[in-house]
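Visitor:
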């Protein structure tokens with residue numbers, strides 16, 4: 001049942017409130033693993049497991065410099081997720097309908113002139 | 001580990017290619033369960049399980065009229081998912097930055113006059 005296509009991996013990574021909170025924290029800038037773990041009443045291994053899921057989905061990047069392990073937000077995988085959702089919530093239909101309408105107006109005007 | 005908040009349930013429902021394909025099919029209009037199952041080489045119980053997950057997430061509505069069981073797409077839960085994603089991909093930041101810039105321009109113009 002576990003899906004391994006990219007979009008599924010991204011959506012699965014987002015399907016957890018702790019992981020979403022970690023991404024929200026990272027919007028403010030790169031953060032050490034210790035700082036990330038702080039607000040959660042969760043063991044370090046549990047946090048590490050969440051970070052692994054986020055990293056596999058391409059949503060964070062982990063770097064080590066000296067003794068610091070730092071996480072950075074990567075937003076690229078969110079773009080495809082956004083396109084899929086907007087497409088299915090009909091947002092694009094509305095935009096295309098609007099474009100159609102404008103084109104029809106232009107056509108009518110040009111045939112009038 | 002199973003998260004039960006609404007947004008997690010929606011993202012988890014989207015984290016499967018078969019379920020996303022079902023939602024894509026339903027964009028064309030309400031569909032019977034039989035028609036929905038047709039393109040998938042999957043048992044009817046497996047399809048039913050996917051439909052249950054989508055229904056729990058509020059992404060489809062199931063109705064029965066006479067002997068027909070029909071599924072209809074519901075896009076409302078996608079709105080919150082879209083807001084969350086767009087917020088985190090920085091889209092709103094850019095929009096707010098643009099708004100800030102416009103406001104600053106207007107202010108400068110009005111103080112010039």
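Residue numbers (the UniProt record's numbering), protein chains in the order written: chain A, 1 to 113; chain B, 1 to 113. Glycine included, each C-beta is placed from N, C-alpha and C at the ideal position.
#1: Using the beta-carbon of each residue, which ones in chain B are nearer than 7 Å to residue 85 of chain A?
#2: Rounded to a whole number of angstroms, what is the C-alpha to C-alpha distance between residue 47 of chain B and residue 19 of chain A?
#3: Can you name the residues of chain B whose CB is closer than 8 Å to the CB of residue 75 of chain A?
#4: Verify whether the separation of the beta carbon atoms of residue 31 of chain B and residue 68 of chain B is less than 7 Å.
#5: Between the beta-carbon of residue 75 of chain B and the beta-carbon of residue 61 of chain B, is there less than 7 Å?
#6: What's the gap between the Cα of residue 89 of chain A and the Cα of residue 83 of chain B?
#7: By DSSP, does residue 73 of chain B sit in helix, in strand, or in coil?
#8: In chain A, which residues lie with their C-beta within 8 Å of the C-beta of residue 23 of chain B?
#9: Mind listing the chain A neighbours of residue 40 of chain B? Cutoff is C-beta to C-beta under 8 Å, in chain order.
Guide: Answer, in terms of the structure:
#1: 78, 81, 82 and 85, listed in chain order.
#2: 29 Å
#3: Those within 8 Å of residue 75 of chain A in chain B are 88, 89 and 90.
#4: no
#5: no
#6: 12 Å
#7: strand
#8: 88
#9: Within chain A, no residue comes near residue 40 of chain B; the closest Cβ sits about 14 Å away, beyond 8 Å.
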